[in-house]
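A.B. asks:
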Amino acid sequence: MNESYVHSFSAMGTVVSIQVVGHGANDHQRADRQSAVERATEWFLDIERTCTRFDPSSELSRLSTRVGEAVPASAMLFEAVRFALAVARESDGAFDPTMGRSMESLGFDREHRTGEPVRSAAVVATGATWRDVVVDEDDRTITVRRPLVLDLGAVAKGLAIDMAARELAPFVNFAVDAGGDLYLGGCNASGEPWSVGIRHPREPELIERVFVSDIAVCTSGDYERIGRAGGDEPGHHILDPQTRRSSAAAASVTVLAPAAMVADALATAAFVLGPARGLALLERHGVDGLIVTPDLERFTTPGMRSDYKAGHAHER
Ligand code: ADP
Ligand code: MG
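Count along the sequence shown from 1, add 29, and you get the number used in my numbering.
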């Protein structure tokens, strides 16, 4: 067994846990390991500060209020918005990072630390979508063309996981777990591929287990963060942009991809698209995944069916 170093903290509405396997043989190694974990932690806090819609002074919130202006963006905000718009395009708008106001009005309006309700000031244009946000790759600016509330809830966590994983890459064997969205580097303390259980969306048990190395595993489920969905009817936090209500196309979607930002966003997009179009989206992007429908039917990409049972990432 190889001694592990674990650091846990709260960010982005969840508990983040970072584990580095080994590298504890002497003071020098331990200091290196600790400072890498501190830098990884800082990425979560930084990206949350930049990309939260719950703080009116965040870079994201300020951008949402400067309608019609080409606003220069920080590297992280630019990357998150650029990628969110690409997924919106690829998913025919099933993924849409401009539904902040709908999220608010369905009850997803509280900052996770303070519990303070948030209401963005701007009057929102009816029918505003991701097409009303334009990025300029050369100038690195973002233009919001009509009043809307940006929400990067489905990409920011993945981006933070990826930046953290980059800091930890020199240690080879590590795990970043942000409330069930994960990146697994190398092997666990027993020298085996990481074993990841995928939660059953309805029962307190696992629906699947995969054995992986050097890959992100992200899950979007309808069983978390129950809001009001308008009025008394409860709902969950993944909205169908067409109805602006909780999507009933899936119960949970898990995606395995080389980057967590990709896995995170594609899981949300496939959730809204449902099994047939969701699987097509995953296959088109060369990633594997599992979609469980509300009546508990399972759909998987061909690679997901067998490859991940024996830690195939090691055989490549
Ligand atoms: P989790 O935050 O549990 O990992 P997801 O990755 O699926 O879940 O992200 C859900 C979040 O994404 C919501 O809280 C909201 O901020 C945002 N969101 C909801 N519906 C959509 C959608 N159709 N397209 C893009 N983002 C969405
Ligand atoms: Mg997610």
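By construction, the Cβ of each residue, glycine as well, lies at the ideal position given by its N, Cα and C atoms.
Between the alpha carbons of Arg62 and Tyr337, how many angstroms are there, rounded?
C.D. replies: The residue you call residue 62 lines up with position 33 of the sequence shown. The residue you call residue 337 lines up with position 308 of the sequence shown. Rounded to whole angstroms, Arg62 to Tyr337 spans 29 Å at the Cα level.
A.B. asks: Please indicate yes or no: does the CB of Met128 lie closer than 7 Å to some heavy atom of ligand 1?
C.D. replies: Position 99 of the sequence shown holds residue 128. It does: the Cβ of Met128 is within 7 Å (strictly closer) of some heavy atom of ligand 1.
A.B. asks: Exposed or buried, which one is Glu145 when buried takes at least 16 other CB atoms within 10 Å?
C.D. replies: Numbered from its first residue, the sequence shown carries residue 145 at position 116. Result: exposed.
A.B. asks: Taking the runs of the alpha helix (DSSP H) that are 4 residues or longer, which of them lie wholly in the stretch 118-171?
C.D. replies: Runs of the alpha helix (DSSP H) inside the stretch 118-171: 129-134.
A.B. asks: Beta strand (DSSP E) containing Leu213: first to last residue?
C.D. replies: Your numbering for residue 213 matches position 184 in the sequence shown. Note, Leu213: beta strand (DSSP E), 210-214.
A.B. asks: On the three-state DSSP scale, how would you describe Thr43?
C.D. replies: In the sequence shown, residue 43 corresponds to position 14, counting from 1. Three-state result, Thr43: strand.
A.B. asks: Once DSSP output is grouped into helix, strand and coil, what is the label at Leu311?
C.D. replies: Sequence index remark: in the sequence shown, residue 311 carries index 282 (1-based). Here Leu311 sits in helix by DSSP.
A.B. asks: Consult DSSP for Pro176 and reduce its assignment to one of helix, strand or coil.
C.D. replies: The residue given as residue 176 occupies position 147 in the sequence shown. Here Pro176 sits in coil by DSSP.
A.B. asks: Can you give the Cα-Cα distance for Val50 and Asp191, rounded to whole angstroms?
C.D. replies: As a position in the sequence shown, residue 50 is number 21, starting the count at 1. As a position in the sequence shown, residue 191 is number 162, starting the count at 1. So the alpha carbons of these two residues sit roughly 18 Å apart.
A.B. asks: Thinking just about the alpha-carbon of each residue, which of Ala69, Gln58, His52, Glu98 is nearest to the one in Val45?
C.D. replies: Working through the sequence shown from its first residue, we reach residue 45 at position 16. With distances taken between Cα atoms, Val45 lies closest to Ala69.
A.B. asks: Grab the span of the beta strand (DSSP E) containing Phe328 for me, first residue to last.
C.D. replies: Taking the first residue of the sequence shown as 1, we reach residue 328 at position 299. Looking at the DSSP string, the run of the beta strand (DSSP E) that includes Phe328 is 327-329.
A.B. asks: For a test of the three-state rule: what should DSSP assign to Ile236, helix, strand or coil?
C.D. replies: Within the sequence shown, the letter at position 207 stands for residue 236. Residue state, collapsed to three classes: strand.
A.B. asks: Using 8 Å as the cut-off, can you tell me whether the stretch 201-218 makes contact with the stretch 156-171, which would need three or more C-beta pairs spanning the two stretches below that distance?
C.D. replies: In short, these stretches do not touch, since the Cβ pair count stays below three.
A.B. asks: So, do the stretch 82-98 and the stretch 264-284 have three or more beta carbon pairs nearer to each other than 8 Å?
C.D. replies: Contact between the stretch 82-98 and the stretch 264-284 is absent, because fewer than three Cβ pairs lie under 8 Å.
A.B. asks: Going by the CB atoms, is the gap between Leu285 and Ala299 shorter than 8 Å?
C.D. replies: Here residue 299 is taken as the residue at index 270 of the sequence shown, counted from 1. Here residue 285 is taken as the residue at index 256 of the sequence shown, counted from 1. The answer is no: Cβ separation not under 8 Å.
A.B. asks: Are there any heavy atoms of ligand 1 lying less than 7 Å away from the beta-carbon of Leu295, as far as the coordinates show?
C.D. replies: Stepping through the sequence shown from its first residue, residue 295 is reached at position 266. Flag unset: Cβ of Leu295 not near ligand 1.
A.B. asks: Going by alpha carbons, who is nearest to Met41 out of Asp121, Ala185, Asp243, His52?
C.D. replies: One-based indexing of the sequence shown puts residue 41 at position 12. Nearest C-alpha to Met41: Ala185.
A.B. asks: Does the stretch 237-249 come close enough to the stretch 87-105 that 3 or more CB-CB pairs lie under 8 Å?
C.D. replies: Counting Cβ pairs under 8 Å, fewer than three are found: no touch.
A.B. asks: To the nearest angstrom, how far is it from the Cα of Gly136 to the Cα of Thr127?
C.D. replies: For the purposes of this step, residue 136 is taken as the residue at position 107 of the sequence shown. For the purposes of this step, residue 127 is taken as the residue at position 98 of the sequence shown. If I take the Cα positions, the gap works out to 16 Å.
A.B. asks: For Ala286, does the three-state DSSP call read helix, strand or coil?
C.D. replies: Within the sequence shown, the letter at position 257 stands for residue 286. Three-state result, Ala286: strand.
A.B. asks: Following the continuous beta strand (DSSP E) through Phe203, name the residue where it begins and the one where it ends.
C.D. replies: Here residue 203 refers to the residue found at position 174 when the sequence shown is read from its first residue. Phe203 -> beta strand (DSSP E) spans 203-207.
A.B. asks: Does ligand 1 have a heavy atom nearer than 7 Å to the CB of Ile171?
C.D. replies: Reading the sequence shown from its first residue, position 142 is the one you call residue 171. No; taking the cut-off as 7 Å, the Cβ of Ile171 has no heavy atom of ligand 1 nearer than that.
A.B. asks: Distance, Cα to Cα, Arg306 vs Asp121?
C.D. replies: Your numbering for residue 306 matches position 277 in the sequence shown. Your numbering for residue 121 matches position 92 in the sequence shown. Answer to the nearest angstrom: the Cα atoms are 10 Å apart.
A.B. asks: How about Met192: is its Cβ closer than 7 Å to a heavy atom in ligand 1?
C.D. replies: Within the sequence shown, numbered from 1, the residue matching residue 192 stands at position 163. No, the beta carbon of Met192 sits no closer than 7 Å to any heavy atom of ligand 1.
A.B. asks: Report yes if the CB atom of Ser281 is closer than 8 Å to the CB atom of Ser249, and no otherwise.
C.D. replies: For this step, residue 281 is matched to residue 252 along the sequence shown. For this step, residue 249 is matched to residue 220 along the sequence shown. Contact flag set, yes.
A.B. asks: Exposed or buried, what is Pro176 when buried is set at 16 or more other beta-carbons lying within 10 Å of its beta-carbon?
C.D. replies: What you label residue 176 is simply residue 147 of the sequence shown in a count that begins at 1. Its Cβ being crowded by 16 or more others within 10 Å, Pro176 is buried.
A.B. asks: Measure the CB-CB distance between Val301 and Phe124 and report whether it falls below 8 Å.
C.D. replies: Your numbering for residue 301 matches position 272 in the sequence shown. Your numbering for residue 124 matches position 95 in the sequence shown. Yes; because the gap between Cβ atoms is below 8 Å, this pair is in contact.
A.B. asks: Using three-state DSSP, classify Glu32 as helix, strand or coil.
C.D. replies: Position 3 of the sequence shown, counting from 1, holds the residue named residue 32. Looking at Glu32 - three-state DSSP - the assignment turns out to be coil, as it is neither helix nor strand.
A.B. asks: So Arg169 packs on Ala60, CB below 8 Å; how close in whole Å?
C.D. replies: Counted from its first residue, the sequence shown places residue 169 at position 140. Counted from its first residue, the sequence shown places residue 60 at position 31. 36 Å between Cβ atoms; not a contact.
A.B. asks: Could you pull out every residue in the same chain whose Cβ sits closer than 8 Å to the Cβ of Glu77, ignoring the five residues on either side in sequence?
C.D. replies: As a position in the sequence shown, residue 77 is number 48, starting the count at 1. Closer than 8 Å at the Cβ level, and outside the excluded window around Glu77, lie Ala40, Met41, Ala185, Ala189.
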